[in-house]
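Taken in order, these protein sequences are the chains called L and Z.
Read in order, the letters of the first sequence are residues 1 to 333 in my numbering.
Read in order, the letters of the second sequence are residues 334 to 666 in my numbering.
First the structure, in the form of structure tokens, and then the observations on it.
Protein chains: 2
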Amino acid sequence: MSSQPEPGTEPGSGRPDVLVHRFRSFDFPFQASFRDHFTILDPWTDSPDEPADAFLARRAGGARALVCVGPTPLPADTLRLLPSLQVVIGTSAGVDHIDLRECRRRGIAVTNAGAAFAEDAADYAVALLLDVLRRMSAADRYLREGLWLKNGNYPLGFKLGGKRVGIVGLGNIGSHVAKRLQPFGCDIAYNSRSKKPSCPFPYYASIHDLASNSDVLILCCALTEETHHVINREVMTVLGDRGVIINVGRGSLIDEKELVQSLLQGELGGAGLDVFEDEPNMPKELFGLDNVVLSPHRAVITPESFEAMRELTISNLKAFFSNEPLSCLVQHK
Amino acid sequence: MSSQPEPGTEPGSGRPDVLVHRFRSFDFPFQASFRDHFTILDPWTDSPDEPADAFLARRAGGARALVCVGPTPLPADTLRLLPSLQVVIGTSAGVDHIDLRECRRRGIAVTNAGAAFAEDAADYAVALLLDVLRRMSAADRYLREGLWLKNGNYPLGFKLGGKRVGIVGLGNIGSHVAKRLQPFGCDIAYNSRSKKPSCPFPYYASIHDLASNSDVLILCCALTEETHHVINREVMTVLGDRGVIINVGRGSLIDEKELVQSLLQGELGGAGLDVFEDEPNMPKELFGLDNVVLSPHRAVITPESFEAMRELTISNLKAFFSNEPLSCLVQHK
């Protein structure tokens, strides 16, 4: 160990600095295991009474690596306080909360944790779809209100087999969704930025065309400027009054006001929503609808996937400090 | 067409008699399409003010075929009124409501509609499992009560991948369940009356041993004298406090009183129940549990499977009257 520590390394520890960027209300439950390998700089733990930006300016100027916890916004203003930053390790699947343009301009590498969460997200998409079609949550509420005995059978749902399922975004999550839905007898098609050469499913370059040829749309794509409100009223209209939309991506993929109107007016068959435009607020009009399943942004989260995310984050940080290739790169530095 | 009609054939019509046996409250929605091929004898339509048994004695003595709608009991006493009966076509997957011993003694063939319903039942079993593990119905209730904004995140569930799933009864439904769960990354094992020679999954001759080696039990077997209360307290205990039971078979496969106690005492991790011992009554203690998903005996039912059941029933009746082989035989005559 050199007696003259590297910049961005706590003197005497030999462990490189890693800045933890998080909402004050967000836990960072893996601190202990991270501290075995890195010197953790965490404003909310190290200096809770100081404004976070002041802490960053004072203490994090030499930090080369930042872990961005969950959807904590990382705007250009914050990045400007970190002149030595070379890598942003995101712990969520989406990275729309990170100013990717500024990172690209600065040559900062960005990774996400999509690989750790993809299976859980795909499981949840299938579960939401089954729930909407077969009306399970609604039937469960019906029983708990004692209505089976009182009012008799609950209305039937629909069979999953034979449904034409359009997957919007055939990345990690979308591919896992497709693999899971095939044994149910669904006909899969997809939309994506580009056609996947080795993919056996029909490709539609436009979401409108995919919707015209689908009974169900499952949204698994990233939220970008291009995909903001990509599910607009016109797409809902062509999907039709038996059509179902499942969203495990981000709330703003859908024009939520139009979604609520389509559902209230019976112009859309149903929806399974894990994400909303203004979480944890959500349109109260949905609370009265039995053809809608609501979920508090947790498709990707299980204890098992948290553990996979922890392992991925540590291995990516180790790779960075050893000049080895990073996993799950969103963009190269 | 002979001028002297066959016994059990309405004079002049040429269409053979088919007796419809149903609870008065049960619809028989396919009457019209059946009447194209058969003369339907239905006490509740033909003679609603006459006791059903009197109608059978007076009118159905020559009937060779009976369609048993849903779980309408068909005991020996009713069978005795039908001396010419040669076939019972069940329209449900289970046939525990039919006196199979009496049918066997009389040489009456019995068929079920398992093939028409197996995919829906398997879909529902997977859906219930995902719901219990990921706590979707419970999270949906939490949101509808406005608690996301008020109390923050809802507790996490568990990942389906990697779970050891023991299927009890690897028939039509169980095989479809296994096929669906494999892409989720589950480890499948099974219990059945006998080992299936060409099946790749580990076989356990005892349910106790299957439970000891499983995180989840999915009940897809028929209810018989041997399987009554086959899930007893001991099986629940070895399954353990993280273990989950899914039942899409019949309520009495489980000792329901013991199930309620195991769940209330936290000795079992969760349950997804489509069936109960005394439907539509059910243990009210379950209403307060968030690790339980309740469903009003509808795993097998969608409009699509109703249509498949209608086709199977008509084709089996036609086969019977043409002396051709029957599908979905429970027992030969």
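Note that the Cβ used here is the ideal one computed from N, Cα and C, for glycine as well.
{"Query": "Could you name the residues of chain Z that residue 287 (chain L) contacts, counting a contact when the two beta carbons are closer than 9 Å?", "Result": "476, 477, 478 and 479"}
{"Query": "Starting from residue 162 (chain L), find everything on chain Z with Cβ-Cβ shorter than 8 Å and list it in chain order.", "Result": "637"}
{"Query": "Name the DSSP bridge partner or partners of residue 43 (chain L)?", "Result": "DSSP lists no partner for residue 43 (chain L)."}
{"Query": "Indicate whether the contact test is met: 3 or more Cβ pairs, each with one atom in the region 539 to 546 of chain Z and one in the region 454 to 469 of chain Z, closer than 8 Å.", "Result": "no"}
{"Query": "Could you tell me whether the Cβ of residue 334 (chain Z) comes closer than 8 Å to any Cβ of chain L?", "Result": "For residue 334 (chain Z), the predicted structure reports a pLDDT of 39, less than 50, and the residue's modelled location is therefore unreliable. The matter cannot be settled from this model."}
{"Query": "How far does the beta strand (DSSP E) with residue 218 (chain L) in it reach, from first residue to last?", "Result": "216 to 219"}
{"Query": "Within a Cβ cutoff of 6 Å, which residues of the same chain sit near residue 578 (chain Z), ignoring the five residues on either side of it in sequence?", "Result": "550 and 604"}
{"Query": "So, is residue 629 (chain Z) buried or exposed, given that buried needs 16 or more other C-beta atoms within 10 angstroms?", "Result": "buried"}
{"Query": "Return the Cβ separation of residue 505 (chain Z) and residue 663 (chain Z) in integer angstroms, given the expectation that the two are a contact with Cβ distance under 8 Å.", "Result": "Contact flag wrong, Cβ pair sits at about 12 Å."}
{"Query": "On the three-pair Cβ rule with 8 Å, is the region 277 to 295 of chain L touching the region 309 to 317 of chain L?", "Result": "no"}
{"Query": "Starting from residue 627 (chain Z), find everything on chain L with Cβ-Cβ shorter than 8 Å and list it in chain order.", "Result": "139, 140, 143 and 144"}
{"Query": "In angstroms, rounded to a whole number, what distance separates the CA positions of residue 318 (chain L) and residue 220 (chain L)?", "Result": "29 Å"}
{"Query": "If you draw a straight line from the alpha carbon of residue 368 (chain Z) to that of residue 465 (chain Z), how long is it in whole angstroms?", "Result": "44 Å"}
{"Query": "Tell me where the alpha helix (DSSP H) around residue 540 (chain Z) begins and ends.", "Result": "540 to 545"}
{"Query": "Can you pull the DSSP bridge partners for residue 458 (chain Z)?", "Result": "The partner list for residue 458 (chain Z) (beta bridge, DSSP) is empty, contrary to what the question assumes."}
{"Query": "Below 7 Å between beta carbons is the criterion; list the residues of the region 346 to 369 of chain Z that meet it against any residue of chain L, in chain order.", "Result": "none"}
{"Query": "Give the interface partners of residue 119 (chain L) over in chain Z, defined as CB-CB distance under 9 Å, in chain order.", "Result": "492, 493, 494, 517 and 518"}
{"Query": "Are the Cβ atoms of residue 569 (chain Z) and residue 591 (chain Z) separated by less than 8 Å?", "Result": "yes"}
{"Query": "Flag this pair as yes or no: are the beta carbons of residue 351 (chain Z) and residue 378 (chain Z) separated by less than 8 Å?", "Result": "no"}
{"Query": "What do you get for residue 14 (chain L), buried or exposed, if any count of 16 or more other CB atoms within 10 angstroms of its CB means buried?", "Result": "exposed"}
{"Query": "If you measure from the beta carbon of residue 615 (chain Z) to each beta carbon in chain L, is any gap under 8 Å?", "Result": "yes"}
{"Query": "Would you check if the distance between the CB atom of residue 109 (chain L) and the CB atom of residue 326 (chain L) is smaller than 8 Å?", "Result": "yes"}
{"Query": "Restricting to runs no shorter than 4 residues, where is the alpha helix (DSSP H) found entirely within the region 384 to 465 of chain Z?", "Result": "385 to 392, 409 to 412 and 433 to 439"}
{"Query": "For a contact defined as C-beta to C-beta under 7 Å, what are the partners of residue 457 (chain Z) on chain L?", "Result": "134"}
{"Query": "CB-CB under 8 Å to residue 74 (chain L), same chain, minus the five flanking residues each way: which ones, in chain order?", "Result": "21, 66, 68, 88, 97, 98 and 99"}
{"Query": "With residue 496 (chain Z) and residue 548 (chain Z) assumed to form a contact (beta carbons below 8 Å), what rounded beta-carbon distance in angstroms separates them?", "Result": "5 Å"}
{"Query": "Excluding five sequence neighbours on each side, which residues of the same chain lie with their C-beta closer than 7 Å to the C-beta of residue 316 (chain L)?", "Result": "89, 111, 326 and 327"}
{"Query": "Of all Cβ atoms in chain Z, is any one closer than 8 Å to the Cβ of residue 130 (chain L)?", "Result": "yes"}
{"Query": "When DSSP labels each residue in this structure, what does residue 313 (chain L) get in the three-state scheme?", "Result": "helix"}
{"Query": "Kindly identify the DSSP beta-bridge partner or partners of residue 231 (chain L).", "Result": "L:254"}
{"Query": "Compare the C-beta of residue 513 (chain Z) with all C-beta atoms of chain L and state if any pair is closer than 8 Å.", "Result": "yes"}
{"Query": "Can you pull the chain Z residues whose beta carbon is under 7 Å from the beta carbon of residue 149 (chain L), in chain order?", "Result": "613 and 614"}
{"Query": "Which chain L residues sit within Cβ distance under 9 Å of residue 489 (chain Z)?", "Result": "298, 301, 302, 303 and 306"}
{"Query": "So, with DSSP's three-state summary, where would you put residue 509 (chain Z)?", "Result": "helix"}
{"Query": "Please report the Cβ distance between residue 230 (chain L) and residue 250 (chain L), rounded to the nearest whole angstrom; I am assuming they are in contact, meaning their Cβ atoms lie under 8 Å.", "Result": "Contact doesn't hold; Cβ gap of about 11 Å is too wide."}
{"Query": "Could you work out which residues of chain Z lie near residue 247 (chain L), taking near to mean beta carbons separated by less than 7 Å?", "Result": "Ordered by position in chain Z, no residue passes the 7 Å Cβ test against residue 247 (chain L), which lies about 14 Å from the chain."}
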